[in-house]
Amino acid sequence: MFLEGLLNPDVERLWELQTVLSQLGDREKQLTSKPESFAAIDREWQTANDEMTRLQQTIEQLSKERRRIEGELTDHQEVLKRYQGQLMQVKNQQQYAAAWKEIDAARKQVKELEDADLKTMGEIEALQSDLDQRSVSSTDLKSRWDEAHDAWQHSLGDLRAEAAQLKQRSAAIEAQLPERLKREFHQIFKQRQNIAVARVVNDSCSACRTRIRPALFQQLKRGELVRCEGCNRVLYLEGPPS
Numbered sequence: 371m372f373l374e375g376l377l378n379p380d381v382e383r384l385w386e387l388q389t390v391l392s393q394l395g396d397r398e399k400q401l402t403s404k405p406e407s408f409a410a411i412d413r414e415w416q417t418a419n420d421e422m423t424r425l426q427q428t429i430e431q432l433s434k435e436r437r438r439i440e441g442e443l444t445d446h447q448e449v450l451k452r453y454q455g456q457l458m459q460v461k462n463q464q465q466y467a468a469a470w471k472e473i474d475a476a477r478k479q480v481k482e483l484e485d486a487d488l489k490t491m492g493e494i495e496a497l498q499s500d501l502d503q504r505s506v507s508s509t510d511l512k513s514r515w516d517e518a519h520d521a522w523q524h525s526l527g528d529l530r531a532e533a534a535q536l537k538q539r540s541a542a543i544e545a546q547l548p549e550r551l552k553r554e555f556h557q558i559f560k561q562r563q564n565i566a567v568a569r570v571v572n573d574s575c576s577a578c579r580t581r582i583r584p585a586l587f588q589q590l591k592r593g594e595l596v597r598c599e600g601c602n603r604v605l606y607l608e609g610p611p612s
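In short: position in the sequence shown from 1, add 370, done, that's the numbering used here.
Here you go:
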């Protein structure tokens, strides 16, 4: 049956393109997959770096809060000075008592803000000390990460070369295809788990197992482009062995 079939040049190109793109996908996956020798130290470095980032962000938040507190403290100190100055201008005991009440309230607010400022400053200093220690201790870890990363990237040289060659090959094949057929191929390739062209095996589509009707099979044998009625993939009828 297969020996009688005629090869459709476009389908042959689609089959080759699919093969090349599948190989390219494998190479690209290998290029992005971290080997365990690097993944272990990468996890350690990311954990250390995340913690340092968290500490830095907390320090920045507390510094912002401290600036707010210091701004309020300055305002309340000015208010306290004004009340203290007004104390000398009171004319009776009632005004004197009221002035002292205002002064006491202002002093209390100033004291609370001073305490809050000292507390925030202490927290910042403690966090900064922790961050500095982590930065120093992470220097060796970063050096080991750089070394492991460089070794991994160096080992990918052959894979990158293969990927580049496969990209060139796929581009050359696509250049020989009609534009519409190329678009349809990529659409199906993307939607159908990277299988846009399915081999015919035992009179059926190898991808979805739909049996091919005799009339469609005759079209295939005449070298026509035929789609599977089950999955819409392009059917590939293997030609006679060379």
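Idealized CB from N, CA, C, for every residue including glycine. Just so we're clear, the structure is a prediction, and the values are computed from it rather than from any experiment.
If you draw a straight line from the Cα of residue 445 to the Cα of residue 479, it comes to about 10 Å.
When the beta-carbon positions are compared, residue 537 and residue 394 come within less than 8 Å of each other.
8 Å or more divides the Cβ of residue 494 from the Cβ of residue 390.
A straight line joining the alpha-carbon of residue 489 with that of residue 502 spans about 20 Å.
The beta carbon of residue 512 is closer than 8 Å to those of 415 in its chain, skipping five residues each way along the sequence. By the CB criterion at 8 Å, residue 582 and residue 567 fall outside the cutoff. In the structure shown, residue 403 adopts coil according to DSSP, grouped into three states. Cβ atoms of residue 573 and residue 587 come within 8 Å of each other, at about 7 Å. The C-alpha of residue 515 is placed about 10 Å away from the C-alpha of residue 509. For the options 387, 557, 400, 505, the alpha carbon positioned closest to that of residue 530 is the one of 400. In this structure, residue 403 lies away from residue 518, with their beta-carbon atoms at least 8 Å apart. Leaving aside the five residues that flank residue 576 on each side, the residues in its chain whose CB is nearer than 6 Å to its CB run, in chain order, 568, 569. DSSP places residue 460 in no beta strand (DSSP E); its state is neither H nor E. When the Cα atoms are used, residue 470 and residue 435 turn out to be separated by approximately 30 Å. Residue 574 carries a strand assignment under DSSP once its states are collapsed to helix, strand and coil. Annotation: residue 539 to residue 392 spans about 12 Å, alpha carbon to alpha carbon. For residue 551, the enclosing alpha helix (DSSP H) starts and ends at 549-561. The criterion of a C-beta distance shorter than 8 Å is satisfied by residue 378 and residue 593. Within the same chain, Cβ atoms closer than 7 Å to the Cβ of residue 487 are found at 436, 439, 440, 443, the five residues on either side in sequence being excluded.
Residue 472 and residue 429 have their C-alpha atoms some 35 Å from each other. Under the three-state reduction of DSSP, residue 476 is assigned to helix.
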